[in-house]
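Asks: Residue numbers (the numbering used here), protein chains in the order written: chain G, 1 to 348; chain Z, 349 to 641.
Using N, Cα and C, we set each Cβ at its ideal position, and we do this for glycine too.
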Amino acid sequence: MAVVETRKLTKVFKRGNVGAVVNVDLQSREGEFLVLLGPSGSGKTTLLRMIAGLEEPTSGEILIGGKLVNDLTPRERGIAMVFQSYALYPHLSVFKNIVFPLKAQGMPKERRQKQAEWAASLLGIQHLFDRKPRELSGGERQRVALARAIVREPSLFLLDEPLSNLDAKLRASAREELEQFQKRIGTTAIYVTHDQVEAMAMGDRVVVMSQGAVRQIGTPADVYDEPADTFVATFLGSPPMNILPGPDVIVGFRPEHFLPPGVAERMGEHISFGFQISHGEYLGAERVLYGTIAGGAFDGRKAVSRIPATHAVSLPDGSLQTFAVALGDVKFFDPGTEKRTSPRSIPA
Amino acid sequence: MIRRQRWLGPAMFMPAVIYILALVGVPFVMAFLYSVSDAKVGSVSYHFVGLQNFVSILHNPAFLRALQDSFVFTITSQVLVLIGANILALSLKEAFPGRRFFRFLILLPWVAPVSIGSLGWKWILDSLYSVISWVLVRFHLVNQYDTPMWLGEPKLAMMSVILVHTWHMLPFATVILLAGLTAIPKDIPEAAAVDGAGFFRTTFQITIPMMLPIINVAVLFGAIFTFTDMTVIYILTRGGPYDTTQVIPTEAFFTGILGSDLAEGAAISIFLVPLLIIAAYIALRSAHRAEVT
Numbered sequence: 001m002a003v004v005e006t007r008k009l010t011k012v013f014k015r016g017n018v019g020a021v022v023n024v025d026l027q028s029r030e031g032e033f034l035v036l037l038g039p040s041g042s043g044k045t046t047l048l049r050m051i052a053g054l055e056e057p058t059s060g061e062i063l064i065g066g067k068l069v070n071d072l073t074p075r076e077r078g079i080a081m082v083f084q085s086y087a088l089y090p091h092l093s094v095f096k097n098i099v100f101p102l103k104a105q106g107m108p109k110e111r112r113q114k115q116a117e118w119a120a121s122l123l124g125i126q127h128l129f130d131r132k133p134r135e136l137s138g139g140e141r142q143r144v145a146l147a148r149a150i151v152r153e154p155s156l157f158l159l160d161e162p163l164s165n166l167d168a169k170l171r172a173s174a175r176e177e178l179e180q181f182q183k184r185i186g187t188t189a190i191y192v193t194h195d196q197v198e199a200m201a202m203g204d205r206v207v208v209m210s211q212g213a214v215r216q217i218g219t220p221a222d223v224y225d226e227p228a229d230t231f232v233a234t235f236l237g238s239p240p241m242n243i244l245p246g247p248d249v250i251v252g253f254r255p256e257h258f259l260p261p262g263v264a265e266r267m268g269e270h271i272s273f274g275f276q277i278s279h280g281e282y283l284g285a286e287r288v289l290y291g292t293i294a295g296g297a298f299d300g301r302k303a304v305s306r307i308p309a310t311h312a313v314s315l316p317d318g319s320l321q322t323f324a325v326a327l328g329d330v331k332f333f334d335p336g337t338e339k340r341t342s343p344r345s346i347p348a
Numbered sequence: 349m350i351r352r353q354r355w356l357g358p359a360m361f362m363p364a365v366i367y368i369l370a371l372v373g374v375p376f377v378m379a380f381l382y383s384v385s386d387a388k389v390g391s392v393s394y395h396f397v398g399l400q401n402f403v404s405i406l407h408n409p410a411f412l413r414a415l416q417d418s419f420v421f422t423i424t425s426q427v428l429v430l431i432g433a434n435i436l437a438l439s440l441k442e443a444f445p446g447r448r449f450f451r452f453l454i455l456l457p458w459v460a461p462v463s464i465g466s467l468g469w470k471w472i473l474d475s476l477y478s479v480i481s482w483v484l485v486r487f488h489l490v491n492q493y494d495t496p497m498w499l500g501e502p503k504l505a506m507m508s509v510i511l512v513h514t515w516h517m518l519p520f521a522t523v524i525l526l527a528g529l530t531a532i533p534k535d536i537p538e539a540a541a542v543d544g545a546g547f548f549r550t551t552f553q554i555t556i557p558m559m560l561p562i563i564n565v566a567v568l569f570g571a572i573f574t575f576t577d578m579t580v581i582y583i584l585t586r587g588g589p590y591d592t593t594q595v596i597p598t599e600a601f602f603t604g605i606l607g608s609d610l611a612e613g614a615a616i617s618i619f620l621v622p623l624l625i626i627a628a629y630i631a632l633r634s635a636h637r638a639e640v641t
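1) Please classify P237 of chain G: does DSSP put it in a helix, a strand, or coil?
2) Taking 7 Å as the line, does the beta carbon of G262 of chain G fall inside it for any heavy atom of the ligand FMN?
3) Can you list, in chain order, the stretches of the beta strand (DSSP E) that have 3 or more residues and sit fully within the stretch 118-174 of chain G?
4) Quick one: Cα of F396 of chain Z to Cα of D386 of chain Z, how far?
5) Would DSSP call T641 of chain Z helix, strand or coil?
6) Among G:I190, G:M209, G:A120, which one has its Cα closest to the Cα of M202 of chain G?
7) May I ask you to verify whether the stretch 9-19 of chain G touches the stretch 54-61 of chain G, counting CB pairs closer than 8 Å and requiring at least 3?
8) Measure how close the beta-carbons of D160 of chain G and V192 of chain G come, nearest whole angstrom, since I'm counting them as under 8 Å.
9) Using only the alpha-carbon positions, how far apart do S342 of chain G and Q126 of chain G sit?
10) Using 10 angstroms around the beta-carbon of T350 of chain G, count the other beta-carbons present and answer buried if the total reaches 16, otherwise exposed.
11) Could you check the C-alpha separation between I250 of chain G and E338 of chain G for me, to the nearest Å?
12) State the DSSP-derived secondary structure class of I243 of chain G, mapped to helix, strand or coil.
13) Counting only beta-carbon atoms, is F129 of chain G nearer than 8 Å to chain Z?
14) Report the rounded CA-to-CA distance for M506 of chain Z versus P597 of chain Z, giving the unit in angstroms.
15) Establish whether the CB of I554 of chain Z and some CB of chain G are separated by less than 8 Å.
16) Does the beta carbon of P349 of chain G sit closer than 8 Å to a beta carbon anywhere in chain Z?
17) At 4 residues or longer, and completely inside the stretch 352-390 of chain Z: list those alpha helix (DSSP H) runs for me, N to C.
18) Does R77 of chain G pass the burial test, meaning 16 or more other C-beta atoms within 10 Å, or should it be called exposed?
19) G53 of chain G to S28 of chain G, Cα distance in whole Å?
20) Using the DSSP secondary-structure output, state which residues sit across from T558 of chain Z in a beta bridge.
21) Alpha carbon to alpha carbon, how far is T550 of chain Z from E612 of chain Z? Give it in angstroms, no decimals.
22) By alpha-carbon positions, which one of Z:A414, Z:G432, Z:G398 ends up nearest to L526 of chain Z?
23) Taking all protein chains shown into account, decide if A540 of chain Z is buried (16 or more other Cβ within 10 angstroms of its Cβ) or exposed.
24) Applying the 10 Å Cβ sphere with the 16-neighbour rule, what's the burial state of Q196 of chain G?
25) Counting only C-beta atoms, is V640 of chain Z closer than 8 Å to chain G at any point?
26) Please decide whether S210 of chain G counts as near chain Z, where near means a Cβ-Cβ distance under 8 Å.
27) Which residues bound the beta strand (DSSP E) around N70 of chain G?
28) Please report how far the alpha carbon of P375 of chain Z lies from the alpha carbon of I472 of chain Z, in whole angstroms.
29) Does chain Z have any CB closer than 8 Å to the CB of Y290 of chain G?
30) P35 of chain G to V512 of chain Z, Cα distance in whole Å?
31) Say whether chain Z places a C-beta atom closer than 8 Å to the C-beta of M1 of chain G.
32) Go ahead and pull the three-state DSSP assignment for R633 of chain Z.
33) Could one say the Cβ of Y89 of chain G lies closer than 8 Å to chain Z's Cβ atoms, at least one of them?
34) Is it buried or exposed for W118 of chain G, if we count other Cβ within 10 angstroms and need 16 for buried?
35) My assumption, with CB atoms under 8 Å, is that V232 of chain G sits in contact with I271 of chain G. Please give the rounded CB distance.
36) Starting from P557 of chain Z, find everything on chain G with Cβ-Cβ shorter than 9 Å and list it in chain order.
If you want it as structure tokens, here you go:
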């Protein structure tokens, strides 16, 4: 039904400039929660706006449910969108905001009322019907925006950073709620965010974008554990993956896989590095150690290690230790293209 | 320090106070004093006569006619300005080649001195040389030997002054509405588009309601200005034919200045002050509200 597909989709805002979105091929699956993740300026919002019909593609095709929609207006595409600002109509009550799309459809009044009550009950906002948007809190506004989006049961649901206006505490609960909500209504959703935690937590699949191009599409585990290139490797994870450029290969491993003496020995086949610790941060549940590789082909390269606080090993600042990474956790990248390559022997 | 501040503050705002007192306060008080006296141009005598001047003008058919015409003139022209300014603002909001030039053109009637503009209109509406009549004749819509007397027939004359005044007021209202329009976040009309609203639904249910506070400001300021302005009428018709385009400001001017009856002129001119003060109060209040939201 509502599978979105883009074929070689490109958007160039100013002729002669580099494209905001370049040759994007994307295919969403039925009922999927697809997250577009990337830093600001990566083209994720532009891509979403093209799917919504708010931005005209420079070239390429957009298909919704197998139908070419390039020349259709937003209203003809049968989609719903939640904006970053929520874009509630400030002069209309919550109820009127929610029924607005139904009125535009020409739905009779009684059905409108029923439908609005259904949408509001899903989000628990019936008691807000008579309020104006300015009388609502951030979280309530977000729910109204969601209710307005689902009220006409769209075939596709587009969300543009809908959690970014909420404070940190609310964001976590809203994230979980939104995820559950999407599973319950089962509508395909495309969700734009620059927050990797949101992307990992919510997405069935994550599309990592940078400079207008798709770098990798995969499940959260795929993109985190098997990054396609050094951009994906360093964009996901906090602190990011250690990237050690060597003479003919780039070696990468996650800080949580870079482990101290005593732990490393239990890992089986592993690679050892000298690690000169410059300073450590105690973060409660874990310790993060910053330092440089000492000796070997990667001498002097910066590296970070992340150790669970349960490993009560003494690792003082300024000390030189031998850390190790399990062989299976080491990723290899081509120095020219920065793309993943097959495992090689690590230069000594 | 503290002693210096005591006189510094008042000294700094004194020029403003003097300005307002000398140029607004004094003339207003004088007008009020004249309206309850028997003052005449060319005489220095002053006798208090109470509300006699107001009673007199209320029995004067010419004044009642002017009062009625003032409302016709103001309301009609403001309705036209409102419709025109909305259309212009909505069409000038979108980017198109030459938009800046068109925005400049729209502003011209407002930037050019109203007397010059109205003189141009005087020729356009002339009984012999009217270009409008010429066009109508060419299209065989009117008889060549019986062209409309644009400024010479009561109904046509009223229509003409209303149209010229509308032409003059349109730019100001357009600029205000454009400002209101650009203040609407881009997301809102986009959300409406995704929600399935077409042009008319978006315009009448979203855009215009959101602009209402600023539309109020434009209309109320326009109405107050129109109620108190006489330029267009003075230049085009001088209140004629047979006083059919006379409004309160021209009536006051002809009675008080040209007719030398200072007292009655003053009474006519301050007759609408209470009404205008209420209008001004509402205008300022909605201007303030428009700022906050």
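Replies: According to the structure data:
1) One point to set straight first is that residue 237 of chain G is Gly, not Pro, in the sequence displayed. In the structure shown, G237 of chain G sits in coil (DSSP, three-state: anything other than H, G, I, E or B).
2) Absence of the ligand FMN is noted for the structure shown, with no ligands found whatsoever.
3) Runs found: 156-160.
4) Linking F396 of chain Z to D386 of chain Z through their CA atoms gives a straight-line distance of about 7 Å.
5) With a pLDDT of only 45 at T641 of chain Z, under the threshold of 50, the placement of this residue in the model should not be trusted; the figure read from the coordinates follows. Correct three-state label for T641 of chain Z: coil.
6) Checked all of G:I190, G:M209, G:A120; the closest Cα to M202 of chain G is G:I190.
7) Three or more beta-carbon pairs drawn from the stretch 9-19 of chain G and the stretch 54-61 of chain G are found closer than 8 Å, and the two stretches are therefore classed as touching.
8) Yes, they are in contact, since the Cβ atoms of D160 of chain G and V192 of chain G sit about 5 Å apart, within 8 Å.
9) Between the C-alpha atoms of S342 of chain G and Q126 of chain G there is a straight-line separation of about 56 Å.
10) Here chain G has residues from 1 to 348 only, and residue 350 of chain G is not among them.
11) Per the coordinates, the alpha-carbon of I250 of chain G lies some 8 Å from the alpha-carbon of E338 of chain G.
12) Strand.
13) Chain Z contact via Cβ: absent.
14) Straight across, the Cα-Cα distance linking M506 of chain Z with P597 of chain Z is about 15 Å.
15) Output row for I554 of chain Z: interface = yes.
16) No answer is possible for residue 349 of chain G: it lies beyond the span of chain G, which begins at 1 and ends at 348.
17) Those alpha helix (DSSP H) runs which fall completely within the stretch 352-390 of chain Z and span 4+ residues are 374-383.
18) Flag for R77 of chain G reads buried.
19) Cα to Cα, the separation comes out at about 17 Å.
20) Position check: residue 558 of chain Z holds Met in this sequence, whereas Thr was assumed. DSSP output for M558 of chain Z lists no bridge partner at all.
21) Computed Cα separation, rounded: 51 Å.
22) Of the candidates Z:A414, Z:G432, Z:G398, the one whose C-alpha sits nearest the C-alpha of L526 of chain Z is Z:G432.
23) The residue is buried, with at least 16 neighbouring Cβ atoms inside 10 Å.
24) Its Cβ being crowded by 16 or more others within 10 Å, Q196 of chain G is buried.
25) Confidence in V640 of chain Z is poor, its pLDDT being 44 and thus under 50, which makes the residue's placement unreliable; the coordinate value appears in the next sentence. Not closer than 8 Å to any Cβ of chain G, the Cβ of V640 of chain Z fails to qualify, so no.
26) By this cut-off, S210 of chain G is not an interface position.
27) Element bounds for N70 of chain G: n/a, residue is neither H nor E.
28) Rounded to whole angstroms, the gap between the alpha carbons of P375 of chain Z and I472 of chain Z is 37 Å.
29) Y290 of chain G does not count as touching chain Z.
30) For the record, residue 35 of chain G in the displayed sequence is Val; it is not Pro. Cα atoms of V35 of chain G and V512 of chain Z: separation of roughly 59 Å, rounded to the nearest angstrom.
31) Note that M1 of chain G has pLDDT 48, beneath the 50 cutoff, so the model's placement of it is unreliable and the number below is only indicative. With 8 Å as the cut-off, M1 of chain G does not count as an interface residue toward chain Z.
32) Here R633 of chain Z sits in helix by DSSP.
33) Yes, because at least one Cβ of chain Z sits closer than 8 Å to the Cβ of Y89 of chain G.
34) By the neighbour-count definition (other C-beta atoms within 10 Å, threshold 16), W118 of chain G is an exposed residue.
35) Not quite, the Cβ-Cβ distance comes to about 22 Å (not below 8 Å), so this is no contact.
36) Ordered by position in chain G, the residues that pass the 9 Å Cβ test against P557 of chain Z are Y89, H91, L92.
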